[in-house]
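*Asks:*
2 protein chains.
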Amino acid sequence: MQILIVILLMGLLLASAAPFSSSQSDSGVNVWPKPRNFSWPQPQAHLLSPNFAITSPANHKYLSSAVKRYHQLLLSEHHRPLVNPSSSVRINTSAPPLLTLSLTVADLAAPLHHGVDESYTLTIPITGGAANLWAQTAWGAMRGLETLSQLVWGDPSLVAVGVYVWDSPLFGHRGVMLDTSRNFYGVEDILRTIEAMSANKLNVFHWHITDSHSFPLLLPSEPELASKGSYGSAMQYSPADVTKIVEFGLEHAVRVVPEIDAPGHTGSWAEAYPEIVTCANMFWWPDGVDWADRLASEPGTGHLNPLNPKTYQVLKNVIHDVSTLFPEPFFHAGADEIIPGCWKADPTIQSFLSKGGTLSELLDLFVNSTFPYIVSLNRTVVYWEDVLLDDNVKVQATILPPEHTILQTWNNGHNNTKRIVSSGYRVIVSSSEFYYLDCGHGDFLGNDSLYDQQTGSDTGNGGSWCGPFKTWQTIYNYDITYGLTEDEAKLVLGGEVALWSEQADPTVLDARIWPRTSALAESLWSGNRDAMGMKRYAEATDRLNEWRSRIVARGVRAEPIQPLWCIRNPGMCNTVNSFG
Amino acid sequence: MQILIVILLMGLLLASAAPFSSSQSDSGVNVWPKPRNFSWPQPQAHLLSPNFAITSPANHKYLSSAVKRYHQLLLSEHHRPLVNPSSSVRINTSAPPLLTLSLTVADLAAPLHHGVDESYTLTIPITGGAANLWAQTAWGAMRGLETLSQLVWGDPSLVAVGVYVWDSPLFGHRGVMLDTSRNFYGVEDILRTIEAMSANKLNVFHWHITDSHSFPLLLPSEPELASKGSYGSAMQYSPADVTKIVEFGLEHAVRVVPEIDAPGHTGSWAEAYPEIVTCANMFWWPDGVDWADRLASEPGTGHLNPLNPKTYQVLKNVIHDVSTLFPEPFFHAGADEIIPGCWKADPTIQSFLSKGGTLSELLDLFVNSTFPYIVSLNRTVVYWEDVLLDDNVKVQATILPPEHTILQTWNNGHNNTKRIVSSGYRVIVSSSEFYYLDCGHGDFLGNDSLYDQQTGSDTGNGGSWCGPFKTWQTIYNYDITYGLTEDEAKLVLGGEVALWSEQADPTVLDARIWPRTSALAESLWSGNRDAMGMKRYAEATDRLNEWRSRIVARGVRAEPIQPLWCIRNPGMCNTVNSFG
Chain A
1 MQILIVILLM
11 GLLLASAAPF
21 SSSQSDSGVN
31 VWPKPRNFSW
41 PQPQAHLLSP
51 NFAITSPANH
61 KYLSSAVKRY
71 HQLLLSEHHR
81 PLVNPSSSVR
91 INTSAPPLLT
101 LSLTVADLAA
111 PLHHGVDESY
121 TLTIPITGGA
131 ANLWAQTAWG
141 AMRGLETLSQ
151 LVWGDPSLVA
161 VGVYVWDSPL
171 FGHRGVMLDT
181 SRNFYGVEDI
191 LRTIEAMSAN
201 KLNVFHWHIT
211 DSHSFPLLLP
221 SEPELASKGS
231 YGSAMQYSPA
241 DVTKIVEFGL
251 EHAVRVVPEI
261 DAPGHTGSWA
271 EAYPEIVTCA
281 NMFWWPDGVD
291 WADRLASEPG
301 TGHLNPLNPK
311 TYQVLKNVIH
321 DVSTLFPEPF
331 FHAGADEIIP
341 GCWKADPTIQ
351 SFLSKGGTLS
361 ELLDLFVNST
371 FPYIVSLNRT
381 VVYWEDVLLD
391 DNVKVQATIL
401 PPEHTILQTW
411 NNGHNNTKRI
421 VSSGYRVIVS
431 SSEFYYLDCG
441 HGDFLGNDSL
451 YDQQTGSDTG
461 NGGSWCGPFK
471 TWQTIYNYDI
481 TYGLTEDEAK
491 LVLGGEVALW
501 SEQADPTVLD
511 ARIWPRTSAL
521 AESLWSGNRD
531 AMGMKRYAEA
541 TDRLNEWRSR
551 IVARGVRAEP
561 IQPLWCIRNP
571 GMCNTVNSFG
Chain B
1001 MQILIVILLM
1011 GLLLASAAPF
1021 SSSQSDSGVN
1031 VWPKPRNFSW
1041 PQPQAHLLSP
1051 NFAITSPANH
1061 KYLSSAVKRY
1071 HQLLLSEHHR
1081 PLVNPSSSVR
1091 INTSAPPLLT
1101 LSLTVADLAA
1111 PLHHGVDESY
1121 TLTIPITGGA
1131 ANLWAQTAWG
1141 AMRGLETLSQ
1151 LVWGDPSLVA
1161 VGVYVWDSPL
1171 FGHRGVMLDT
1181 SRNFYGVEDI
1191 LRTIEAMSAN
1201 KLNVFHWHIT
1211 DSHSFPLLLP
1221 SEPELASKGS
1231 YGSAMQYSPA
1241 DVTKIVEFGL
1251 EHAVRVVPEI
1261 DAPGHTGSWA
1271 EAYPEIVTCA
1281 NMFWWPDGVD
1291 WADRLASEPG
1301 TGHLNPLNPK
1311 TYQVLKNVIH
1321 DVSTLFPEPF
1331 FHAGADEIIP
1341 GCWKADPTIQ
1351 SFLSKGGTLS
1361 ELLDLFVNST
1371 FPYIVSLNRT
1381 VVYWEDVLLD
1391 DNVKVQATIL
1401 PPEHTILQTW
1411 NNGHNNTKRI
1421 VSSGYRVIVS
1431 SSEFYYLDCG
1441 HGDFLGNDSL
1451 YDQQTGSDTG
1461 NGGSWCGPFK
1471 TWQTIYNYDI
1481 TYGLTEDEAK
1491 LVLGGEVALW
1501 SEQADPTVLD
1511 ARIWPRTSAL
1521 AESLWSGNRD
1531 AMGMKRYAEA
1541 TDRLNEWRSR
1551 IVARGVRAEP
1561 IQPLWCIRNP
1571 GMCNTVNSFG
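Quick note, the sequences are listed as chains A and B, same order. Quick note on numbering: the numbering used here labels position 192 of the first sequence as 192, and the sequence is numbered without any gaps. Each number in the numbering used here corresponds to the 1-based position in the second sequence with 1000 added.
(1) If A/I126 and A/Q44 are in contact, beta carbons under 8 Å, what's the gap, nearest whole angstrom?
(2) Please confirm whether B/L1202 has its beta-carbon closer than 8 Å to some beta-carbon of chain A.
(3) Who are the neighbours of B/K1535 on chain A, taking C-beta pairs under 9 Å?
(4) According to DSSP, A/Y120 sits in a beta bridge with which residue or residues?
(5) May I have the straight-line CA-CA distance separating B/G1413 from B/I1319, to the nearest angstrom?
(6) Beta-carbon separation of A/T409 and A/V429 under 8 Å?
(7) Which residues in the same chain as B/A1270 place their Cβ atom closer than 6 Å to its Cβ, once the five residues preceding and following it in sequence are excluded?
(8) With 8 Å as the threshold, decide whether the Cβ of B/T1236 is near any Cβ in chain A.
(9) Applying a beta-carbon distance threshold of less than 7 Å, which residues of chain A neighbour B/S1214?
(10) Are three or more beta carbon pairs between the stretch 164-178 of chain A and the stretch 213-233 of chain A nearer than 8 Å?
(11) So, with DSSP's three-state summary, where would you put B/Q1024?
(12) Considering Cα atoms alone, identify which of A/E77, A/N51, A/I339 is closest to A/A553.
(13) Excluding the 5 residues preceding and the 5 following A/R606 in the sequence, name in chain order all residues of the same chain whose CB lies nearer than 8 Å to its CB.
(14) A/G310 bridges to which residues according to DSSP?
(15) Where does B/Q1072 land, buried or exposed, given buried means 16+ other C-beta within 10 angstroms?
(16) Starting from the Cα of A/Q454, find the closest Cα among B/E1433, B/F1469, B/L1445, B/G1467 and give me that residue.
(17) Between the stretch 256-264 of chain A and the stretch 294-313 of chain A, do three or more beta carbon pairs fall short of 8 Å?
(18) Do we get a CB-CB distance below 8 Å when we pair A/V508 with the residues of chain B?
(19) Pick helix, strand or coil for B/D1386, following the three-state DSSP scheme.
(20) Of the residues B/A1489, B/W1153, B/L1133, which one's Cα is nearest the Cα of B/N1030?
(21) Hey, is A/S22's beta-carbon within less than 8 Å of any beta-carbon in chain B?
(22) Sort A/V508, A/W500, A/E496 by Cα distance to A/T517 and report the nearest one.
(23) Could you tell me whether the Cβ of A/D287 comes closer than 8 Å to any Cβ of chain B?
(24) Measure the beta-carbon distance from B/V1492 to B/V1427 and round it to whole angstroms, keeping in mind my assumption that it falls under 8 Å.
(25) Report the neighbours of A/G561 on chain B: residues whose CB is nearer than 8 Å to its CB, in chain order.
(26) Assuming A/H332 and A/E251 are in contact, meaning their beta carbons sit under 8 Å apart, how far apart are those beta carbons, in whole angstroms?
(27) From the DSSP output, read off the bridge partner residues of B/S1102.
(28) Are B/L1101 and B/I1054 close, meaning C-beta to C-beta below 8 Å?
(29) If you count every other CB in all the chains shown that lies within 10 Å of the CB of B/W1032, and 16 or more means buried, which is it?
(30) Would you check if the distance between the CB atom of B/P1035 and the CB atom of B/T1147 is smaller than 8 Å?
(31) Excluding five sequence neighbours on each side, which residues of the same chain lie with their C-beta closer than 7 Å to the C-beta of B/H1060?
(32) Who are A/Q408's beta bridge partners in DSSP?
(33) In terms of residues, what are the limits of the alpha helix (DSSP H) holding B/T1210?
(34) Would you mind telling me which residues of chain B sit closer than 7 Å to A/N183, beta carbon to beta carbon, in chain order?
(35) 8 Å is my cut-off, CB to CB: does B/G1334 come that close to chain A?
(36) For B/S1049, which three-state DSSP category applies?
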């Protein structure tokens, strides 16, 4: 009978999609990211019974864990909205409380891979009593549980009733990249980030584990990389740590995609194996040398030497161990920023070049010596765009079959995304102009005279190569398929914000990521436009204020986006004019 | 005998000042801000005895509290420097441990006012045993105790020996301004900030308590201002809270200077007294209206009405209560950003203007009706520069006698500072181009289309009126007396960084303030130049890394300025070239 009602509702929905998507209340009760279809025509709330129970499918380790977690959250959160919902929601505490959520999953076996069905349907009848959550997969069920949790508030707990939600993401890949090499983050920082990602319905934690600055990953086959290349024994990830993080991800429907960046960004490898790293521990940009001839993009030099067989011996051990530790089918192999000067600093490479070889041939050699091995481990290889688009050092596209390769774009906004997809490759968008969370914070060089000016301070970007600061609106409004044809757009898997850690570490992790990454989450889940096709950043502001407040209460130190006054005075912090 | 040695040492010092100021070790053992004179010619360390004791003068409540606090810190901190000092410091754990610090204060009665002597002399003999700290005042003694605490590290605790420090600040006013109106901060946040300020030898907490957004200060004579104008009962400062903060400040040698901003920035007063506030709760910049005719600089409107006698009745009650709660002789009365449109929105003011009156005459009236009262309470009045320098609405200088008036500059860099001091006024420098901690973070407007651009993101300052972000180097390198004559420079009391809270609240307080404010602290205490007169920001980088690490360990969530790799590889994160 209930299924019949849902079918009828869905029929209504298909007949007129728009009304549903614009009917979410501005009552302080909101779901972030905004669901694709959310209907709450007569905003009412009943009590959530203290005996509220969730009936769920047995035999799914991760879903059971999520159910337990949400059950506890639902009963104990007692969220206090910034704007009291009682003015717009009819609260009926004498009506039947919500007693149960019945959870149904069609395909419990579906693994958490890219493209898995994350849709769910949630109904909370206006009569109270029993709510229903249907999902195709366990992962979609977790999305629906999160939605339910955001429809509960107050003490005693109230729950929205008369609600119908049908929801599913626009993009399958919605991620956060975190660099744990330049500065170290503890396991608890990563877990807290994954938990917050899950609350935002994000599903990929792209872990940029290693770089030139430190190698924090302790690998069974190559333990010296971490024992010598990490910042110290207290700043390493053990295999048990990785397993904990991966399992935690599964419990939160968040994939953990490892990145081992190579052949560039590998200075830290030289602590264990100096013989396989060119230009390691050299000054990054010697006096009088042209920028084109520098040894690194920033302090921290070192590239793996493609001509040394030992390089592949070590690297294959690393790849093997990492693929064992991370069940995820995507393997990010880096390949960004090959700096000619670093390879040219090596005598064997000098000899190779003097015989007519090119740097791009060296990269071909490197990729040909590693890519097939990664593919043989049943992995899809993700590279940064540079491997194909770099001006100086890039491979021939023929050696990277699109069926096994995904490119992640970061330069030149939509132009590089267009170049990648028009070549037939799938793409993950991390445009530094829109999605880099570290920008606008100056630079970290130790002696930059740029900042010593008495008349007018540093202007423009203030020394930040990718400045200015990316506001939540900048992130929210970016359309990752901008300028693409319909067919090209199908190759866009999704996007990731990125936090490079030159000037970030656990003290500021939460504030750098949140709530700006919530903006990404909504933009990639249900888009940045309203039912009329207009950008909805204005309407999103109040909702983001509310959502930020809730995640702060959940223990995430997200930064504020406005004075509290603004949400208390709706519309008053808007502008109808423009400056300048 | 010890006094004789000190006199001899000071003789040496006067004979050749330079060697002392450049002899601080780069060993990981450092004092921030760098003392004016620090001599540790043979870096050695002994144990700090577990029975270490401080003998101090009796009968000073605040000094006794500080001594107790530092005694505990010295014995329990066990700081771990990022760079192990053992490579450059000879550690002799079998030598006599440091057993005592003998503290001598010449003038225990000196109150914590502007210009109080904060100098101290600290000697830790190379034989260990007994250290000595001499200070003119209790407040200088606290500075010396902080210095000693930074010369202790490790577990078991080691202490530098063979150290001689003579120290005194370049500027008497070294402050942080915090806006607690746009977003609220708890008492514990303010106390943590004051504690961190004290560790940085900063001495003025400028508390911008009220503004248009909320009135969080509960005043005995005007309780409705807070009960109606605050963000809620949990977001108010009671008289007991204020006393706690003021007393905590005294225990840390940090003055607490209250600001009650008026007649602008008073929208929140209208919740209790709508009749005394013009343009309250109006939309800040109506559609089609020129910027010059807006009602406020940003959302949140409201000015006190100078023509309504009730205004002064309420304001005098406020001033009276505030001066009772805050013993501090400076009273900051605001007076920034009189926006013509707001006063012009009021019928009585319209009538006044139609009869030939001017807005500047209204401000004269307002100041003449309040300034003498504040002075009568034995207060020096601090105003923002606008009261004299605003293009449209300003008073005649004759009504502000320089002996009772200090101006705080924030616009046009050194130009406005020059204008103020050349008129004979004392000045506190808070240039928004150098010292505003909120800049470079975008804007908080709820619907700004600036951030909706698909090709190239927002450029330039990213919508931040005072962007870009002020890096620690920008703050460190600014010379607040730039362009002044020697006589004019004497009128510069010091400087303050300012955190306006449109996009800040307790979640991000520490990271917005620290370690950038440490840069201010050193620049104003001992300057930004080395013994050769060269800017020392390069050398300061490693020391700031170390200092930031120590204050993080003390519980302040200061942001990192570099990858840990940089301090582990001295000089490698520098540049010898420039971009562009």
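Glycine included, C-beta positions come from ideal geometry on N, C-alpha and C.
*Replies:* Working from what's here:
(1) By one-based count along the first sequence, residue 126 of chain A stands at place 126. By one-based count along the first sequence, residue 44 of chain A stands at place 44. Taking C-beta atoms under 8 Å as the contact rule, A/I126 and A/Q44 qualify, at a distance of about 6 Å.
(2) Your numbering for residue 1202 of chain B matches position 202 in the second sequence. Judged by the 8 Å Cβ criterion, B/L1202 is not in contact with chain A.
(3) Along the second sequence, read from residue 1 onward, the residue named residue 1535 of chain B stands at position 535. Near B/K1535 (Cβ distances below 9 Å), the residues of chain A are S449, D452.
(4) In the first sequence, residue 120 of chain A corresponds to position 120, counting from 1. The partner list for A/Y120 (beta bridge, DSSP) reads A/A135, A/D167.
(5) Within the second sequence, numbered from 1, the residue matching residue 1413 of chain B stands at position 413. Within the second sequence, numbered from 1, the residue matching residue 1319 of chain B stands at position 319. Roughly 31 Å between the two C-alpha positions.
(6) To locate residue 409 of chain A, count along the first sequence from 1; it is residue 409. To locate residue 429 of chain A, count along the first sequence from 1; it is residue 429. Their beta carbons are under 8 Å apart, which means A/T409 touches A/V429 by this criterion.
(7) Here the question's residue 1270 of chain B lines up with position 270 in the second sequence. Beyond the five residues adjoining it in sequence on each side, B/A1270 comes within less than 6 Å, by CB distance, of V1277, A1280, G1302 in the same chain, given in chain order.
(8) Mapped onto the second sequence, residue 1236 of chain B falls at position 236. Rather than Thr, the amino acid found at residue 1236 of chain B in this sequence is Gln. Not an interface residue.
(9) Mapped onto the second sequence, residue 1214 of chain B falls at position 214. In chain order: W565.
(10) Between the stretch 164-178 of chain A and the stretch 213-233 of chain A, the count of C-beta pairs closer than 8 Å stays below three; the two stretches do not touch.
(11) Position 24 of the second sequence, counted from the start, is the residue given in the question as residue 1024 of chain B. The predicted model places B/Q1024 with a pLDDT of 44, which falls under 50 and marks its position as unreliable, so this point remains unresolved.
(12) As a first step, residue 553 of chain A must be located in the first sequence, where it is residue number 553. Minimum Cα distance to A/A553 is reached at A/E77.
(13) For chain A, the structure presents residues 1 to 580; residue 606 of chain A sits outside this window and is missing.
(14) Taking the first residue of the first sequence as position 1, residue 310 of chain A is located at position 310. Per the sequence shown, residue 310 of chain A should be read as Lys rather than Gly. In the DSSP output, where bridge partners are listed per residue, A/K310 has none listed.
(15) Indexing the second sequence from 1 puts residue 1072 of chain B at position 72. With a 10 Å radius around the Cβ and a threshold of 16 neighbouring Cβ atoms, B/Q1072 comes out exposed.
(16) Here residue 454 of chain A corresponds to residue number 454 of the first sequence, with the count starting at 1. Closest option to A/Q454, Cα to Cα, is B/E1433.
(17) The stretch 256-264 of chain A is in contact with the stretch 294-313 of chain A.
(18) Start at 1 with the first residue of the first sequence, and residue 508 of chain A comes out as number 508. Judged by the 8 Å Cβ criterion, A/V508 is in contact with chain B.
(19) On the second sequence, position 386 is the one that residue 1386 of chain B refers to. Correct three-state label for B/D1386: helix.
(20) Taking the first residue of the second sequence as 1, we reach residue 1030 of chain B at position 30. For B/N1030, the nearest C-alpha among the options comes from B/W1153.
(21) Looking up residue 22 of chain A in the first sequence gives position 22. Because the pLDDT of A/S22 is 35, which lies under 50, any placement of that residue in the model is unreliable, and the number read from its coordinates should be weighed accordingly. Chain B contact via Cβ: absent.
(22) To locate residue 517 of chain A, count along the first sequence from 1; it is residue 517. Ranking A/V508, A/W500, A/E496 by CA distance to the CA of A/T517 puts A/E496 first.
(23) Reading the first sequence from its first residue, position 287 is the one you call residue 287 of chain A. Yes, A/D287 lies at the interface with chain B (some Cβ there is under 8 Å from its Cβ).
(24) As a working mapping, residue 1492 of chain B is identified with position 492 in the second sequence. As a working mapping, residue 1427 of chain B is identified with position 427 in the second sequence. Rounded, the Cβ-Cβ distance is 5 Å, consistent with contact.
(25) Position 561 of the first sequence, counted from the start, is the residue given in the question as residue 561 of chain A. Here residue 561 of chain A is Ile; the residue named in the question, Gly, does not match the sequence. By Cβ distance, chain B contributes F1444, Q1503.
(26) Along the first sequence, read from residue 1 onward, the residue named residue 332 of chain A stands at position 332. Along the first sequence, read from residue 1 onward, the residue named residue 251 of chain A stands at position 251. Taking 8 Å as the upper bound for CB-CB distance, A/H332 and A/E251 are not in contact here, some 22 Å apart.
(27) For the purposes of this step, residue 1102 of chain B is taken as residue 102 along the second sequence, with counting starting at 1. DSSP lists B/T1055, B/N1132 as partners of B/S1102.
(28) For the purposes of this step, residue 1101 of chain B is identified with residue 101 of the second sequence, where counting begins at 1. For the purposes of this step, residue 1054 of chain B is identified with residue 54 of the second sequence, where counting begins at 1. The answer is yes: Cβ separation under 8 Å.
(29) The residue labelled residue 1032 of chain B in the question sits at position 32 within the second sequence. Answer is buried; the Cβ neighbour count reaches 16.
(30) As a first step, residue 1035 of chain B is located in the second sequence; it is residue number 35 there, counting from the start. As a first step, residue 1147 of chain B is located in the second sequence; it is residue number 147 there, counting from the start. With contacts defined by Cβ atoms closer than 8 Å, B/P1035 and B/T1147 form a contacting pair.
(31) As a first step, residue 1060 of chain B is located in the second sequence; it is residue number 60 there, counting from the start. Taken in chain order, the residues that qualify are L1108, A1138.
(32) Against the first sequence, residue 408 of chain A aligns to sequence position 408. Bridge partners of A/Q408: A/W384, A/I428.
(33) Start at 1 with the first residue of the second sequence, and residue 1210 of chain B comes out as number 210. For B/T1210, there is no enclosing alpha helix (DSSP H); the residue is part of the beta strand (DSSP E) that begins and ends at 1204-1210.
(34) The residue given as residue 183 of chain A occupies position 183 in the first sequence. By Cβ distance, chain B contributes P1560, P1563, L1564.
(35) As a working mapping, residue 1334 of chain B is identified with position 334 in the second sequence. No - not a single Cβ of chain A is within 8 Å of the one on B/G1334.
(36) The residue given as residue 1049 of chain B occupies position 49 in the second sequence. B/S1049: strand per DSSP, three-state reduction.
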